[in-house]
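Remember, my numbering sits 2 above the position in the sequence shown when you count from 1. From the three backbone atoms N, C-alpha and C, an ideal C-beta is built for every residue, glycine too. First comes the structure, then the notes that go with it.
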Amino acid sequence: MLGSFHASRAQYFGCADLMLRMIFSWEEGGYELKYTYFNDEPAYLHGIRGGWYMDGEEKWVLGFSSYFASTVINESFSLLNRQQLVTMYSTVYVDYTFFQDKPVQLNPLLHLGYGFAELTDLGFGSTGSEYSGYYLVEPNINATIKVFRYMKFGLGLGYRAVGGVRMQGADSYSLSGLSMNAFIKFGDFGD
Numbered sequence: 003m004l005g006s007f008h009a010s011r012a013q014y015f016g017c018a019d020l021m022l023r024m025i026f027s028w029e030e031g032g033y034e035l036k037y038t039y040f041n042d043e044p045a046y047l048h049g050i051r052g053g054w055y056m057d058g059e060e061k062w063v064l065g066f067s068s069y070f071a072s073t074v075i076n077e078s079f080s081l082l083n084r085q086q087l088v089t090m091y092s093t094v095y096v097d098y099t100f101f102q103d104k105p106v107q108l109n110p111l112l113h114l115g116y117g118f119a120e121l122t123d124l125g126f127g128s129t130g131s132e133y134s135g136y137y138l139v140e141p142n143i144n145a146t147i148k149v150f151r152y153m154k155f156g157l158g159l160g161y162r163a164v165g166g167v168r169m170q171g172a173d174s175y176s177l178s179g180l181s182m183n184a185f186i187k188f189g190d191f192g193d
């Protein structure tokens with residue numbers, strides 16, 4: 003029993019170590035906040051993203067991202083219908099930088115990924131939770147400005163197209179939607 007506990011703990015820390023090594027190997031990366039809607043209710047997605055340059059000019063980036071949100075939906079109907087939606091998704095993304103030598107740069111970005119959602123009834127006589135996996139495609143257009151040599155700040159707009167959701171209280175349409183993005187990136191962005 004004790005041996006299996008130590009083995010699972012070592013496996014967990016090995017995975018965490020691998021994740022930290024990957025994050026610290028990114029050539030650029032940072033935190034992103036997305037304001038969006040789930041089932042016509044406002045929500046915030048918190049995430050990290052980062053990647054590696056694919057060319058010598060540092061215009062193409064291939065990276066990974068992960069986002070998380072937890073929000074109460076169906077609040078406006080009544081206390082009987084309230085539900086909590088928790089979702090998390092991870093993606094592979096490609097980013098291209100236009101006007102790299104200018105103070106303000108334009109970055110189209112495409113996320114392809116997979117995630118899961120949990121919907122929990124919070125009302126009286128609740129029936130428990132539902133779970134569903136889903137896939138998503140999320141194009142974004144971002145404008146970034148270099149604040150310092152090692153930091154950029156950006157704003158953007160994106161659309162999250164979700165498919166494959168199988169829950170009674172939420173569907174693919176209710177998890178899809180526009181998002182407004184604000185982010186901070188760190189890396190060596192030159193002079």
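Per the DSSP secondary-structure output, residue 119 pairs in a beta bridge with 89, 134. Sorting 191, 94, 65 by C-alpha distance to the C-alpha of residue 54 places 65 at the top. Under the three-state reduction of DSSP output, residue 95 falls in the strand class. Annotation: residue 178 is outside any alpha helix (DSSP H) and is labelled neither H nor E by DSSP. The C-beta of residue 150 has fewer than 16 other C-beta atoms within 10 Å across all chains shown, which makes the residue exposed.
Here residue 168 is exposed. Its C-beta has fewer than 16 other C-beta atoms within 10 Å. Of all alpha-carbon atoms in 153, 152, 178, 155, the one lying nearest the alpha-carbon of residue 162 is that of 178. Segment contact: the segment 127-146 against the segment 92-110, three or more CB-CB distances shorter than 8 Å; contact assigned.
Comparing alpha carbon positions, the residue from 36, 95, 176 closest to residue 164 is 176. Annotation for residue 122: 86, 131 place their beta carbon closer than 6 Å to its own, counting only its chain and skipping 5 residues before and after.
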